[in-house]
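Following: one structure in structure tokens, then a few remarks.
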């Protein structure tokens, strides 16, 4: 079930028009059909049901039957990229999610503050899960002591708690390649590892990573909370066509969580940075309404709480999140977008308390979507919909663009 | 939804038998399910309905979800070729459609007679849309003055009105490659462009094209209607396996329009050249009946008027064309073909007045087709059919051949 490569297929067909697409990703939306009702089945969502009646329905697969997608691959598939072709480093996503741009010559790292003993063995991989505000002075110290290493600039960007992103800035002399293994030994009681380059081109980045680890130990020497750093997810930017290049869409991302902003940023979308990490769905729709006045034709709105509830095994709370979204839906529809998609990046069934491989329900409403005419939006209704129970997620963006009149004919 | 490559899959399995397949393409057959009935839904077609009751039904996708096929890609998919792998030049289709063979070493060009002013700027890209009979003496003049240029033979074949096909005949010394840009500046008031080769191998064809343009201006100098030519769609024959090689079918094409003959000719089918461009469906069935006495086992019958009506936004006229076809269907069935396929090369919904991405209805009747047992032939019935709403068009020829007993087992 491999899909065609959207970058090479869509780029020559995409055309700029005034129509607008709202693309709503409810994280982990899907459940598993079984004895217990899913969150979609147990919640009351009249506005979603009414929208479903005007929509074509289906359940989508992001990677392949039986494969449970992470959030990254799930989103890439929804935006039309084949997740099997894309290996995205966690360092890159962390940096992008913190609002730090990473260029094609740069390498990004996801770091932990940590603690080591006198023998150099790691005693705490997360520096006692230090609070964000207590970590701030430690990061200040680090930032003050590190500028360039091995001929390239190195930046430290604090994240939540013990987490940070480091960006190694490639330059004309040293374009960096980031195929480098973690220095994190993964278990406590072992020494920090030397950075191992997996290919010759990545040797320079490995040397910078080792120098960064050593310099951090000098700077933090004697620190009680943290006296070293672990470097993980060392990675460069993959050479992919950006979303604007592929689709000609002028896109904006409304998401509270850094990882999803990171995905959108990597693809070249504009990010609404003023969405707080604590933003409610209503807050996000406020931002959507404001952004409606701007020159965008694609609005990616991300709802996180469905997934968090599913991960906690709390199907009832997940149902409440769906109901909270449903209450906001009329505000979105009042904007009169030409096309609305409501989908998920993977399923997170409460009874499984984690991501799963089950195809994720979606609806697509547009002027030519061939509505199925059902009266509900849940896994069973979507299985029975036009796009069936195994629709390749990579096709969604094509259908959305086609309905919005944004794709020219293929071939004469 | 990428399908296996039929050329490599089918060629070793295809076997010659006496059974016969009638493969009817109603151009742009499909509509869009919505508020208005589609042409299939609003027309009365008792014979199609009766055939549908004995058939397996579905709607087929020619390229991918959301992608609107041109007629070329749509037909290639129906004949089992992946349209994503095939780039077919317009010059090639024009020449083939006029009945001119183009070999693997040749390059074909779609030309316009045009008019230029004293400064060499194009004043009329279509020579006043000169009538075919008025263009005839101009083409005679051209043909008389051009024989070989830059070491290869050059032929001029008149088309309708100002159009012609030029074929540059490669030879043992000069095998030609046709990756050459148009000399047509696309707008009036600008000079004719030099032929630009996109790769080194195409340099010779570009030189011939330039020589052809220059020689045409010498021959036509002072001409009132036309005094120059524009060269477009310069292209060679793609290196594909022919239809007879892939399927072992002895095929004939019954089509009134040059473009569809061009597609069939490129694939190596026999063309029934005596079908007039004004032929009715009944006229085409006359030719089918005559051809039935010959040694063919695959009959491609093309109906154009469904698409034309859809393009004009006239769903009522499209319905009438379907009814006109339905009246002829008993004559086709009276021939007792082993397998009948009725399909479209894409959808052309009247309300959209153009090609669309919506999957196109088809039926397949054969001795082992697992009939769905429905009682109608339209988009809704086909969605509900055995092959569902998203059947890959490239699979149709496999099913037709299988039902006709023309495919051996794959593997031991």
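Chains as they are written, first to last, in my numbering: chain S, 1 to 412; chain Y, 1001 to 1412. Quick reminder that beta carbons are idealized off the backbone N, C-alpha and C, glycines included.
Which chain S residues sit within Cβ distance under 7 angstroms of residue 1065 of chain Y?
Near residue 1065 of chain Y (Cβ distances below 7 angstroms), the residues of chain S are 395, 398, 399.
Could you spell out the range, first to last residue, of the alpha helix (DSSP H) harbouring residue 1075 of chain Y?
From DSSP, the alpha helix (DSSP H) with residue 1075 of chain Y extends over 1071-1078.
Is there contact here, the region 178-192 of chain S with the region 135-147 of chain S, by at least three beta-carbon pairs under 8 angstroms?
The region 178-192 of chain S, when compared against the region 135-147 of chain S, does not touch it at the 8 angstroms Cβ threshold.
Any idea what DSSP makes of residue 1287 of chain Y, helix, strand or coil?
Of the three classes helix, strand and coil, the one that applies to residue 1287 of chain Y here is helix, per DSSP.
Hey, could you find the ends of the alpha helix (DSSP H) residue 42 of chain S is sitting in?
Segment 39-42, the alpha helix (DSSP H) holding residue 42 of chain S.
Counting only beta-carbon atoms, is residue 9 of chain S nearer than 8 angstroms to chain Y?
Closer than 8 angstroms: yes.
Mind checking whether residue 1096 of chain Y and residue 1229 of chain Y have CB atoms under 8 angstroms apart?
It is not a contact, given that the beta carbons lie outside the stated cut-off.
Under 8 angstroms, CB to CB, which of the residues in the region 1026-1046 of chain Y have a partner in chain S?
Cβ contacts with chain S come from 1032, 1033, 1034.
Within 8 angstroms of any Cβ in chain S, is that where the Cβ of residue 1402 of chain Y sits?
By this cut-off, residue 1402 of chain Y is not an interface position.
Skipping 5 residues on each side, what residues in its chain have a beta carbon closer than 8 angstroms to that of residue 380 of chain S?
The answer, listed in chain order, is 33, 41.
Going by the CB atoms, is the gap between residue 352 of chain S and residue 11 of chain S shorter than 8 angstroms?
Against a cut-off of 8 angstroms, the Cβ pair of residue 352 of chain S and residue 11 of chain S comes out as no contact.
State the Cα-Cα distance for the pair residue 256 of chain S and residue 337 of chain S, rounded to the nearest angstrom.
Their Cα atoms are separated by approximately 22 angstroms.
Mind pulling the chain S residues with CB within less than 8 angstroms of residue 1084 of chain Y?
Per Cβ cutoff of 8 angstroms: 4, 9.
Residues of chain Y with a CB under 8 angstroms from the CB of residue 386 of chain S: which are they?
Neighbours of residue 386 of chain S on chain Y, chain order: 1383, 1389.
With DSSP collapsed to three states, give me the class of residue 13 of chain S.
It is coil, neither helix nor strand.
Could you pull out every residue in the same chain whose Cβ sits closer than 8 angstroms to the Cβ of residue 1396 of chain Y, ignoring the five residues on either side in sequence?
Answer for residue 1396 of chain Y: 1060, 1078, 1080, 1341, 1343, 1362, 1364, listed in chain order.
According to the Cβ coordinates, are residue 1165 of chain Y and residue 1110 of chain Y closer than 8 angstroms?
For residue 1165 of chain Y and residue 1110 of chain Y, yes; Cβs fall inside 8 angstroms.
Is residue 1207 of chain Y close to chain S? Criterion is C-beta to C-beta, closer than 8 angstroms.
No, because no Cβ of chain S sits closer than 8 angstroms to the Cβ of residue 1207 of chain Y.
For my contact list, residue 410 of chain S and residue 1354 of chain Y are in at a C-beta cut-off of 8 angstroms; report their separation, rounded to the angstrom.
Not really, about 13 angstroms apart at Cβ, beyond 8 angstroms.
To the nearest whole angstrom, what separates the beta carbons of residue 339 of chain S and residue 373 of chain S, a pair I think is in contact under 8 angstroms?
Not really, about 18 angstroms apart at Cβ, beyond 8 angstroms.
Could one say the Cβ of residue 1352 of chain Y lies closer than 8 angstroms to chain S's Cβ atoms, at least one of them?
Yes, residue 1352 of chain Y counts as interfacial toward chain S.
Does residue 16 of chain S come within less than 8 angstroms of chain Y when only Cβ atoms are used?
False, the Cβ-Cβ gap to chain Y never drops below 8 angstroms.
Please report the distance separating the alpha-carbon of residue 94 of chain S from that of residue 231 of chain S.
Approximately 12 angstroms, taken between the alpha carbons.
Between residue 410 of chain S and chain Y, is the shortest Cβ-Cβ distance under 8 angstroms, so that the two count as touching?
Closer than 8 angstroms: yes.
Roughly how many angstroms separate the alpha carbons of residue 283 of chain S and residue 392 of chain S, rounded to a whole number?
Going from the Cα of residue 283 of chain S to the Cα of residue 392 of chain S covers about 31 angstroms.
Grab the span of the beta strand (DSSP E) containing residue 153 of chain S for me, first residue to last.
Taken as a continuous stretch (DSSP letters only), the beta strand (DSSP E) holding residue 153 of chain S covers 152-158.
Using beta-carbon positions only, say whether residue 1269 of chain Y and residue 1092 of chain Y come within less than 8 angstroms of one another.
It is not a contact, given that the beta carbons lie outside the stated cut-off.
Please confirm if residue 1356 of chain Y has its CB atom under 8 angstroms from at least one CB of chain S.
Yes, residue 1356 of chain Y counts as interfacial toward chain S.
Could you say which of S:253, S:311, S:227, S:324 lies nearest to residue 119 of chain S if we only look at CA atoms?
Minimum Cα distance to residue 119 of chain S is reached at S:227.
Straight-line CA distance for residue 1004 of chain Y to residue 302 of chain S?
Cα to Cα, the separation comes out at about 36 angstroms.
Which residues in the same chain have their Cβ closer than 6 angstroms to the Cβ of residue 358 of chain S, if we skip the five residues on either side of it in sequence?
30, 32, 347.
Can you say whether residue 368 of chain S is buried or exposed, counting buried as having 16 or more other CB atoms within 10 angstroms of its CB?
Per the 10 Å Cβ criterion, buried.
May I ask which residues mark the beginning and end of the alpha helix (DSSP H) holding residue 1246 of chain Y?
Note, residue 1246 of chain Y: alpha helix (DSSP H), 1243-1247.
Could you spell out where the beta strand (DSSP E) holding residue 365 of chain S opens and where it closes?
Counting along the chain, the beta strand (DSSP E) containing residue 365 of chain S begins and ends at 360-365.
Assuming residue 412 of chain S and residue 1072 of chain Y form a contact by the criterion Cβ under 8 angstroms, report the distance between their Cβ atoms to the nearest whole angstrom.
Rounded, the Cβ-Cβ distance is 6 angstroms, consistent with contact.
DSSP state of residue 1230 of chain Y, grouped into three classes?
Note: residue 1230 of chain Y maps to strand in three-state DSSP.
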